[in-house]
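Quick notes on the structure that follows.
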Amino acid sequence: MIETPSLVDQYCHGVLRTELGLGTFEARLARTEGPPAPGTTLFDTQTGFALRRWCPPLLGLEPHCPPARYLARRRELGALEAGRRLLRGSGITAYLVDTGLPGDLTGPADMACDGDADAREIVRLELLAEQVADTSGTVESFLANLAESVHTAAATAVAFTSVAGLRHGLALAPEPPGPGEVRGAAGRWLAGRPVGGPLTDHVLLRHLLWIAVSSGLPLQLHAGLGEPGARTDRADPVLLTDFVRATAGHGTDLVLLHGYPYHRNAAHLAGVFPHVYADSGAALVRTGARAAAVLAEILELAPFGKILFSTGAHSLPELHVIGARLFRDALGRVLGTWVAEGAWCLEDAQRVAGMIAAGNARRVYGLE
Amino acid sequence: MIETPSLVDQYCHGVLRTELGLGTFEARLARTEGPPAPGTTLFDTQTGFALRRWCPPLLGLEPHCPPARYLARRRELGALEAGRRLLRGSGITAYLVDTGLPGDLTGPADMACDGDADAREIVRLELLAEQVADTSGTVESFLANLAESVHTAAATAVAFTSVAGLRHGLALAPEPPGPGEVRGAAGRWLAGRPVGGPLTDHVLLRHLLWIAVSSGLPLQLHAGLGEPGARTDRADPVLLTDFVRATAGHGTDLVLLHGYPYHRNAAHLAGVFPHVYADSGAALVRTGARAAAVLAEILELAPFGKILFSTGAHSLPELHVIGARLFRDALGRVLGTWVAEGAWCLEDAQRVAGMIAAGNARRVYGLE
Amino acid sequence: MIETPSLVDQYCHGVLRTELGLGTFEARLARTEGPPAPGTTLFDTQTGFALRRWCPPLLGLEPHCPPARYLARRRELGALEAGRRLLRGSGITAYLVDTGLPGDLTGPADMACDGDADAREIVRLELLAEQVADTSGTVESFLANLAESVHTAAATAVAFTSVAGLRHGLALAPEPPGPGEVRGAAGRWLAGRPVGGPLTDHVLLRHLLWIAVSSGLPLQLHAGLGEPGARTDRADPVLLTDFVRATAGHGTDLVLLHGYPYHRNAAHLAGVFPHVYADSGAALVRTGARAAAVLAEILELAPFGKILFSTGAHSLPELHVIGARLFRDALGRVLGTWVAEGAWCLEDAQRVAGMIAAGNARRVYGLE
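If you read the protein sequences in the order shown, they are chains A, B and C. Counting from 1, position 65 in the first sequence corresponds to residue 65 in the UniProt record's numbering; the numbering is continuous, with no gaps. Counting from 1, position 283 in the second sequence corresponds to residue 283 in the UniProt record's numbering; the numbering is continuous, with no gaps. Counting from 1, position 327 in the third sequence corresponds to residue 327 in the UniProt record's numbering; the numbering is continuous, with no gaps.
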């Protein structure tokens, strides 16, 4: 009843084009610390069941067929062709791609081509800083090159993203660090760092956030579930409250990614602060048959013009499919129920569905 | 199927009788930091949609009509007449009115008259202290006048309310502050304070709470969502656990207002401590079509004799209507489903509905 | 539609065989600080209503009959016979019994006999340590006897359980305490302790946990709701993250009991760490008609091979019945809905139901 003809995936990654066996495929269904427990499989999860519901038909199989059969068919088609069929069957019309993950993942151009869709790049701040560090000789050149790199990236990227919350927690001091503080932190980090070493210093993470805020490009902040073994509560978006207030009025939008299991807190911030937006997508890939329930919780406090769709998918095009199909199905189910109950009228529901699926993202990211 | 013929709104404010334009009306639909983001409107929220569902018919319009049309009709009738029609259409038979908000809001007498209902006053402790401070010359007279004022208010008010949780957070030291500590804090506050200056000192906030506890009148504590830009987690009712234990056996009931998104914690305290009650209303105004889901979460742990209804509404009589209608609809839907599933019997459901809607409040506040 | 022919209750206690009056019976329906508030009764709770739904028919009465009538019938049959009828009507085929609660509760052998089921013992670590302390003269003999006792218990018990989270909170230092630290803590505790005095020292609590980890037997950790007046947030399973990571690879499974209202965090840990399992049962006894909603939240992130059923019941066999019936009904309702929506296929749903109801527990605890 409720239609979402177009989907803008406001946060995802590219896919692998290499062939995957049952074990390597399974390992990419979830982010875990270690292999599945004896006697269990990651296919026996909401993500696994959602995959078996939505993906087999796109490759010519019946829904819910066994994993081994699905993977046999996938290999028969080849990873490239299977990927094209999956992405094109997802319903996604634009991919905003975070290119900051390691591994041989396709970039925006390939995603556009494989998926017959638009694609734009999201630049991951921490990776940018690490790349600049790899090629800068002194603290001064590092800081100058960093500012220049962010500036340059802002000219072509559609957004910045930061994993400061996953690396340090979101309880960051809200104000920008002073120049001396930044120089000191940069000096210590550069001196002790091997090539490619990750950025985890909280002063530099905050410095990066504020450079990004000054660029005017939307800034996506990871919150809630992230690194598998990390303390989830340290990425509760409520911890961002002071940072959010400090960045109000700078003209830069903040997008809270994921959020689950603290998505109600993300929705609250999106309701209170004009420049804050809440992600409604990535949690759905993980919660599968519960997608409508989780989405409905986000729809409690977040204004309907402040909610964005994403899949958060990476490596497997199946995850893009699941994210999109679960979202579309959940949105239709939730809004359709409210229309059936008389709480909403159909015209409003259609309008809101279009906003969350694509319209809000087009406005926030300046997509035509 | 489940009837709630009578509703006692155990916590609300008065309404504005001035005419409101589209912008000024919209600004009162939600508490935000700043105007709506470009391209968005606060009418596109659960509160806005609930308003469009429930209020237009009370003014002779069809449900879900556009906001501009609704406001034109409201102006045509005049704020006073529209307010009377709305309040009388809410189903609320008694209003307990917190008179401690600034602005030209109607008091209990006007609410009773406009709404054709009973109305009683709730006294806000912090405002009382500020008023006493405005007219007291010394620390000694301030403290004596404060005790006297609370005592006097207790003779006519139906309850006290405190926003200590919103001003300082609920992680307050549980025991009453000592006399010397109170005198010191009062001296510092009075010395530095301009006329009308707000009370935020945590020693005085605790002192106030304990004076109120000694009065024997029910004490309402704001928890969960409150000031729009405040850290929500600092008002998690779980932080009140030690204060709650310290006040057990004093003969004074504590009522946890709002609670959302930590309403399950409020419900838990209501289940564990005989003198604690949980509010089930104010969250519903904000969550609209999700009211039944939120109410059901409160109904998990809170004993049915410990749950109270409120709207938390202020300024717009529309918010009283929404609060009441959403509650009534949600309660009927939740309990009706449990009856249909065989989990509850109809007779119990009717009885519990009457308790939550009005009976519990009548008992706790001593209303006849 | 979804069948669960066999139920393994992976965590419960024994029952009282003494006759109970209305007041003494009611007091065991919930864990509270003090008697019910005036004008309220603990029968007006989800637990009370669930009892009235499920238990009267097992004693030959109609569902939802008044509490006084139910208790009259219970006395007429006698506590022993009523208990046998109730336990045998619960559908539970194996009880894992924590024998560490005070009071005259039946042990595993009686539970097996009364319930016509299998029963095994779970050993409570803190009680074991207290018993060893009662009979050990020196620090050295205490520590040696403790290690010996755990070792001996591991030979016959099916699991260990710890209430460290309820006594100290789950924010325990993750690593094992050093030998000197343990000796010092033991010396202080033994010196100051009356016979029977409870173990609350955090060094010794951690020492116990690590002895248990080294035994290889599954270790059950209480999380979420526990002691009625305790700060619930201090038992949030998210606080166990570092301990969980520290124990990975030792070959010992951790089972997070209860979890509610932080059950989503428990489910997340079960999803991330191979050796972590989540309990899906004890919360249901408290939330009654909401059991399906709470169970569904656990089913979001926890892999289906990592979820275990329990009742957490003690003293009243009615609580074993409620826990089992609510679980069975909720599981059937949740999975059945997903099948009806096409999200899951029936075959998968049947298989998962069997895993959660019994299969996972059989594998984890090595029951044949």
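Beta carbons: idealized from backbone N, C-alpha and C, even for Gly.
Look up residue i in the DSSP assignment and give the residues it is bridged to.
i                  : result
Ser-162 of chain C : C:Leu-221
His-168 of chain A : According to DSSP, which records beta bridges pairwise, His-168 of chain A is partnered with nothing at all.
Tyr-95 of chain C  : C:Asp-9 and C:Ala-119
Ile-307 of chain C : C:Ala-278
Leu-105 of chain C : C:Leu-16
Determine the closest residue to residue i out of the options, with distance taken between C-alpha atoms.
i                  : options                                       : result
Pro-228 of chain C : B:His-222, B:Leu-209 and B:Ala-267            : B:Ala-267
Ala-159 of chain B : B:Pro-63, B:Ala-313, B:Ala-330 and B:Leu-257  : B:Leu-257
Pro-179 of chain A : A:His-207, A:Arg-362, A:Ser-162 and A:Gly-281 : A:His-207
Gly-197 of chain C : C:Ala-133, C:Ala-147 and C:Ser-141            : C:Ala-133
Asp-116 of chain A : A:Pro-108, A:Ile-122 and A:Val-123            : A:Pro-108
Ser-215 of chain B : B:Thr-4, B:Leu-71, B:Leu-254 and B:Ala-186    : B:Leu-254
Leu-289 of chain A : C:Arg-290, C:Arg-286, C:Ala-302 and C:Gly-281 : The question names Leu, yet the displayed sequence has Ala at residue 289 of chain A. Checked all of C:Arg-290, C:Arg-286, C:Ala-302 and C:Gly-281; the closest Cα to Ala-289 of chain A is C:Ala-302.
Thr-135 of chain C : C:Asp-242, C:Asp-98, C:Arg-28 and C:Arg-193   : C:Arg-193
Leu-295 of chain C : C:Ala-330, C:Arg-120 and C:Thr-241            : C:Ala-330
Ala-235 of chain A : A:Val-163, A:Ile-356, A:Ala-283 and A:Gln-10  : A:Val-163
Ser-6 of chain B   : B:Glu-347, B:Trp-344 and B:Phe-327            : B:Phe-327
Ala-173 of chain C : C:Leu-42, C:Arg-245, C:Arg-52 and C:Leu-319   : C:Arg-245
Asp-114 of chain A : A:Tyr-95, A:Ala-270 and A:Glu-121             : A:Tyr-95
Pro-56 of chain C  : C:Arg-31, C:Thr-32, C:Glu-33 and C:Ser-90     : C:Ser-90
Glu-347 of chain A : B:Thr-24, B:Arg-52 and B:Trp-344              : B:Arg-52
Thr-93 of chain B  : B:Glu-3, B:Gly-100, B:Asp-118 and B:Phe-243   : B:Asp-118
His-250 of chain C : C:Ile-211, C:Leu-225 and C:Ala-278            : C:Ile-211
Asp-110 of chain C : C:Gln-131, C:Gly-48 and C:Arg-84              : C:Arg-84
Ala-223 of chain C : C:Tyr-262, C:Val-203 and C:Ala-185            : C:Tyr-262
Pro-317 of chain B : B:Leu-299, B:Ile-307 and B:Leu-86             : B:Leu-86
Ala-283 of chain C : C:Leu-308, C:Phe-304, C:Val-272 and C:Leu-143 : C:Leu-308
Glu-300 of chain C : A:Leu-225, A:Trp-189, A:Val-97 and A:Gln-220  : A:Leu-225
Determine the DSSP secondary structure at residue i, reduced to helix, strand or coil.
i                  : result
Ala-289 of chain C : helix
Arg-193 of chain C : coil
Glu-121 of chain A : strand
Ala-157 of chain B : coil
Leu-295 of chain B : helix
Glu-315 of chain B : Before going on, a small fix: residue 315 of chain B reads as Ser here, not Glu. Looking at Ser-315 of chain B - three-state DSSP - the assignment turns out to be strand.
Ser-136 of chain B : coil
Ser-90 of chain A  : coil
Gly-332 of chain B : helix
Thr-200 of chain B : coil
Pro-228 of chain B : coil
Trp-338 of chain C : helix
Trp-210 of chain C : helix
Pro-66 of chain B  : coil
Cys-345 of chain A : coil
Glu-248 of chain B : In the sequence as presented, Glu is not what sits at residue 248 of chain B; that position holds Ala. DSSP places Ala-248 of chain B in coil when its eight states are reduced to three.
Gly-216 of chain C : coil
Leu-367 of chain B : coil
Pro-174 of chain B : coil
Gly-78 of chain B  : coil
Below 8 angstroms on the Cβ atoms is my contact criterion, and I expect residue i with residue j to pass it. Report the Cβ-Cβ distance as a whole number of Å.
i                  : j                  : result
Leu-205 of chain B : His-151 of chain B : With 8 angstroms as the limit, Leu-205 of chain B and His-151 of chain B do not qualify as a contact, their Cβ atoms being about 19 angstroms apart.
Ala-79 of chain C  : Glu-126 of chain C : Ala-79 of chain C to Glu-126 of chain C, Cβ: 29 angstroms. No contact.
Leu-239 of chain B : Ala-171 of chain B : 5 angstroms
Leu-105 of chain B : Ser-315 of chain B : 7 angstroms
Val-352 of chain C : Leu-335 of chain C : 7 angstroms
Val-8 of chain B   : Ala-361 of chain B : 4 angstroms
Ala-157 of chain C : Leu-217 of chain C : 7 angstroms
Gly-259 of chain B : Pro-274 of chain B : That belief does not hold up - the Cβ atoms of Gly-259 of chain B and Pro-274 of chain B are roughly 19 angstroms apart, past 8 angstroms.
Gly-342 of chain A : Gly-312 of chain A : The Cβ separation is near 34 angstroms, so there is no contact.
| request: Please go through the stretch 250–280 of chain A and give each complete alpha helix (DSSP H) segment of 4 or more residues, from N-terminal end onward. | output: 263–272
| query | Residue ranges of each beta strand (DSSP E) run of no fewer than 3 residues wholly in the stretch 3–61 of chain A, ordered along the chain? | reply | 7–12
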